[in-house]
Each structure stands twice: as structure tokens, then as C-alpha cells.
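S.K.:
As C-alpha cells, then:
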């Protein structure tokens, strides 16, 4: 086995709901598995623990290739890893000759991906220092993170301890999320052929659900008669959102005619193949949308784009900001306010009002 094959043989696996790194890796990699177990014990969502596992897998593979152990990691080593992420060719990219107009790069991982990896590494070494007070934390600390308007609100907000941010970060471009226009929405929805897929898209487009929230729905979470759906959002926060009558009809048809026989309470199940009757996975949902956005020739037709379309439509309709926040399940009102800026109608109305006041002077 070559050195490169040995590095690649280290992998992230899930056993009984717990993630760990398995295979030959750098010296001291056991602390990574302890940390992943600690995250699971603290009640982090399985998706979050999985993301941390794969981010730390990438770091562990890099350490192994550099013949470094976990105890050898210093600030200088982390800077080298950062430089590697900025220049590496991500898996699946055919070659460095493909230039991204959106990101302005043809090599390297996206800034958000790099920052997520660095956040996982920061959490790992904070955990190691918590467990062993004599262990140094190589992650450089910066100033206190600024609070948004939503974080400053609340009766006891002044008692919250400010979070200290890491100085090991990549500047991320701030872009507004993009919704779909009417033609794109019609084309994407028109390409869907099953009531299950139409119901999934309808819950995102007309109730504003995230893809993870849709996949986490149980049959008992629906109150079709009263037109409500119970949603468990980020951080296990529960909310109730209205259910569009047409979407409710699609769900009813799906339950009676399409949904496979299963003991599983999850609403949306795999309809065909060896996994028939099992819950639809995030990868399965991505495959569905990947196929249909190519078929409908709507490149922006990602699941989250439907949620953004919902938020933009609410803003254009003049829905109160607090109601928008409740429907979208945002922790902070700042996230909801972004949809007002997304709405061309609101921007134009504000511009016209300001211009009229200026002319009247």
C-alpha cells in the first residue's frame, strides 16, 4: 500500500448513530473520535456531527500526509492547512482549467467550506484543552464577535457573554440568497411527476420549510383538516406553519396511493429500489432536484431556492417582520430582514417614496 493509499484508507463511518474515524491516521487521532462522541452526547443533530466528522477527516488525512500528529499541530501548521485548502483541487473537479465565474477561482475550496473546517478544528482543540488543562490550543483567538440587532434584543441580552471569534478565518463574500422567478418555478414544478415530489416542493415553496425539516416530518405532524404542519427546525425548535390546501391534497393522495407500506412514521419514504419503505435521505432529495432542475433547465432550482422564493414572496406581500420570522423559523430577526432587501418590490417602493419626498422639497 502506497503512502497516498494509506492516507485515503482513513475514513469516517457511522455505527449505531455515532460517527468516528476508522483506519490508519495521524498519531493522536483518537481525540477526534472522543470529540465526535462528545458532540453526540451534547445533543448535536446527526447532520451536524456528520459534517464535523468529514471536516475533521479531511484535516486528519492532511496531517497523515504531512507526517504530523495531533500533538504536533501549532498555529503555523494550521496556517499551512489553510493554504492547502485555498490551493487544493476538491474531489470531483475534473481539472484546474475550469474557472468559476461566481467565485473567481479555479482551484481551492469555497470560503464557507474552509471556515466550516476551521470551526471544526477549533472545536476539537477547545475540547482537548477542556479535557486536559495543560494542553495548548493552537487556534489563535481574535476579538469579540459583533452582535446583530436580533442578538441585542431580549430582556437579559445584556447578560450574554460575548463570543470570541477565531482569527483563523477566510473572508466570505456576502451574497443575498436567490429565489426563483415565476417562469423558473413553473418549469421546475412542471417537471415533477410524483405526488411525493410535488408535495415536498410545495412544502418548501408555500410553507417555507428547509429540506431537513421536510425530511424530518412525521405522518403525525400533519393536521390536514385544520391546515397546519408541526415542524422541528434548527436546534430542535418547534413551530407550526400553515399548510396550503393544494399541498395538503397532494399529501393526502401520496399517503393513500403512493406511500409504500412501512412501519416507519416518517412522512416521505423511498418509493423504489432496495431502500423502498425507508426514509428519504438528504442525498436522495438532492438527487431528485438535481435530475429535475437539469430536465427543466432551471440551474438555480435547488431545494433551498424554493424556501427563498417563499420568503421573498412574503416580503413583497408586506407581511410583518415578526410574522415572517415566525414562519421562516429564524433565530434572529436579521435573517428575516434580509428578505425585505431581497424583494425588488420593496426596494423599488422605498426608492420611489424617497424620490417623491425629495422632489416635494
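Residue numbers (the working numbering): 2 to 362. Virtual Cβ for every residue (Gly too), placed ideally from N, Cα, C. Just so it is clear, the structure is predicted and the values come from calculations on it, not from any experiment.
Where residue 169 and residue 140 are concerned, what is the direct C-alpha to C-alpha distance, given to the nearest angstrom?
M.R.: Position 168 of the chain shown, counting from 1, holds the residue named residue 169. Position 139 of the chain shown, counting from 1, holds the residue named residue 140. About 7 Å.
S.K.: Can you tell me the Cα-Cα spacing of residue 1 and residue 217, whole angstroms?
M.R.: Because the chain spans 2 through 362 in this model, residue 1 falls outside it and cannot be assessed.
S.K.: In three-state DSSP terms, what is residue 315?
M.R.: For the purposes of this step, residue 315 is taken as residue 314 along the chain shown, with counting starting at 1. If DSSP states are grouped into helix, strand and coil, residue 315 belongs with the helices.
S.K.: Go ahead and label residue 200 buried or exposed: buried means 16 or more other beta carbons lie within 10 angstroms of its beta carbon, across all protein chains shown.
M.R.: Taking the chain shown and counting its residues from 1, the one referred to as residue 200 is at position 199. Classification of residue 200: buried, given that the 10 Å Cβ count is 16 or more.
S.K.: Return the residue from the list 246, 213 and 250 that minimises the CA-CA distance to residue 232.
M.R.: Reading the chain shown from its first residue, position 231 is the one you call residue 232. Checking every option, the nearest Cα to that of residue 232 belongs to 213.
S.K.: Using beta-carbon positions only, say whether residue 206 and residue 311 come within less than 8 Å of one another.
M.R.: Within the chain shown, the letter at position 205 stands for residue 206. Within the chain shown, the letter at position 310 stands for residue 311. Yes, the pair counts as a contact, with Cβ atoms nearer than the cut-off.
S.K.: For the alpha helix (DSSP H) that residue 283 lies in, which residues bound it at each end?
M.R.: Translated into positions along the chain shown, residue 283 becomes position 282. Residues 283-296.
S.K.: Considering just the uninterrupted stretch of the alpha helix (DSSP H) at residue 23, what are its terminal residues?
M.R.: Against the chain shown, residue 23 aligns to sequence position 22. It is not in any alpha helix (DSSP H) - residue 23 instead sits in the beta strand (DSSP E) that spans 19-23.
S.K.: Grab me the residues of residue 171's own chain with a C-beta within less than 7 Å of its C-beta, minus the 5 sequence neighbours each way, in chain order.
M.R.: For the purposes of this step, residue 171 is taken as residue 170 along the chain shown, with counting starting at 1. Closer than 7 Å at Cβ, skipping near neighbours: 112, 115 and 116.
S.K.: Using the Cα positions of residue 237 and residue 356, report the straight-line distance between them to the nearest angstrom.
M.R.: As a first step, residue 237 is located in the chain shown; it is residue number 236 there, counting from the start. As a first step, residue 356 is located in the chain shown; it is residue number 355 there, counting from the start. Distance between the alpha carbons of residue 237 and residue 356 is about 45 Å.
S.K.: Straight-line CA distance for residue 220 to residue 294?
M.R.: Walking along the chain shown from the start, residue 220 turns up at place 219. Walking along the chain shown from the start, residue 294 turns up at place 293. Looking at the two C-alpha atoms, the distance is approximately 28 Å.
S.K.: Using three-state DSSP, classify residue 225 as helix, strand or coil.
M.R.: Position 224 of the chain shown, counted from the start, is the residue given in the question as residue 225. Coil.
S.K.: Note down the Cα distance separating residue 361 from residue 308, rounded to an integer number of angstroms.
M.R.: Counting from one through the chain shown, the residue named residue 361 turns up at place 360. Counting from one through the chain shown, the residue named residue 308 turns up at place 307. Their backbone Cα atoms lie some 40 Å apart in a straight line.
S.K.: With DSSP collapsed to three states, give me the class of residue 191.
M.R.: Numbered from its first residue, the chain shown carries residue 191 at position 190. Residue 191 falls in the helix class under three-state DSSP.
S.K.: Given residue 270, which residues of its chain have a CB within under 7 Å of its CB, disregarding the five upstream and five downstream residues?
M.R.: As a first step, residue 270 is located in the chain shown; it is residue number 269 there, counting from the start. 260, 261, 263, 278, 279, 280 and 281.
S.K.: Quick one: what's got a C-beta closer than 7 Å to residue 59's C-beta in the same chain, skipping five residues either side?
M.R.: Along the chain shown, one-based indexing puts residue 59 at 58. Result list for residue 59: 118, in chain order.
S.K.: In whole angstroms, give me the CA-to-CA distance for residue 73 and residue 13.
M.R.: Position 72 of the chain shown, counted from the start, is the residue given in the question as residue 73. Position 12 of the chain shown, counted from the start, is the residue given in the question as residue 13. The alpha-carbon atoms of residue 73 and residue 13 are separated by roughly 22 Å.
S.K.: Please name the residue, chosen from 194, 202 and 287, that lies closest to residue 181 on a Cα-to-Cα basis.
M.R.: Taking the first residue of the chain shown as 1, we reach residue 181 at position 180. Of the candidates 194, 202 and 287, the one whose C-alpha sits nearest the C-alpha of residue 181 is 202.
S.K.: Measuring straight from C-alpha to C-alpha, what distance separates residue 197 and residue 23?
M.R.: In the chain shown, the residue the question calls residue 197 occupies position 196. In the chain shown, the residue the question calls residue 23 occupies position 22. Near 37 Å, if we compare the C-alpha coordinates of residue 23 and residue 197.
S.K.: From the DSSP output, in three-state form, read off residue 280 for me.
M.R.: For the purposes of this step, residue 280 is taken as residue 279 along the chain shown, with counting starting at 1. Of the three classes helix, strand and coil, the one that applies to residue 280 here is strand, per DSSP.
S.K.: Would DSSP call residue 64 helix, strand or coil?
M.R.: By one-based count along the chain shown, residue 64 stands at place 63. The answer is helix: DSSP assigns residue 64 an H, G or I state.
S.K.: In the DSSP assignment, the alpha helix (DSSP H) including residue 87 goes from what residue to what residue?
M.R.: Position 86 of the chain shown, counting from 1, holds the residue named residue 87. Note, residue 87: alpha helix (DSSP H), 76-88.
S.K.: Relative to the C-alpha of residue 296, which residue among 187, 86, 80 and 54 is closest?
M.R.: Along the chain shown, read from residue 1 onward, the residue named residue 296 stands at position 295. The shortest C-alpha separation from residue 296 is found at 187.
S.K.: Quick one, are the C-beta atoms of residue 71 and residue 27 less than 8 Å apart?
M.R.: Here residue 71 refers to the residue found at position 70 when the chain shown is read from its first residue. Here residue 27 refers to the residue found at position 26 when the chain shown is read from its first residue. Against a cut-off of 8 Å, the Cβ pair of residue 27 and residue 71 comes out as a contact.
S.K.: Assuming residue 47 and residue 29 make a contact with CB atoms under 8 Å, what is their CB distance in whole Å?
M.R.: Counting from one through the chain shown, the residue named residue 47 turns up at place 46. Counting from one through the chain shown, the residue named residue 29 turns up at place 28. The pair is not a contact, with the Cβ atoms about 26 Å apart (cut-off 8 Å).
S.K.: Going by C-alpha to C-alpha distance, which of 339, 51, 273 and 302 sits closest to residue 313?
M.R.: In the chain shown, residue 313 corresponds to position 312, counting from 1. Here the closest residue by C-alpha is 339.
S.K.: Identify the residues that DSSP records as bridge partners of residue 236: which are they?
M.R.: Within the chain shown, residue 236 is the residue found at index 235, counting from 1. Note: residue 236 sits in no beta bridge, so no partner.
S.K.: Going straight from the alpha carbon of residue 323 to that of residue 42, what length do you get?
M.R.: For the purposes of this step, residue 323 is taken as the residue at position 322 of the chain shown. For the purposes of this step, residue 42 is taken as the residue at position 41 of the chain shown. If I take the Cα positions, the gap works out to 34 Å.
S.K.: State buried or exposed for residue 300, treating a residue as buried only when at least 16 other CB atoms are found within 10 Å of its CB.
M.R.: Looking up residue 300 in the chain shown gives position 299. When all chains shown are included, residue 300 counts as exposed.
S.K.: Rounded to the nearest angstrom, what separates residue 335 and residue 325 at their Cα positions?
M.R.: As a position in the chain shown, residue 335 is number 334, starting the count at 1. As a position in the chain shown, residue 325 is number 324, starting the count at 1. Spanning the two alpha carbons is a distance of roughly 11 Å.
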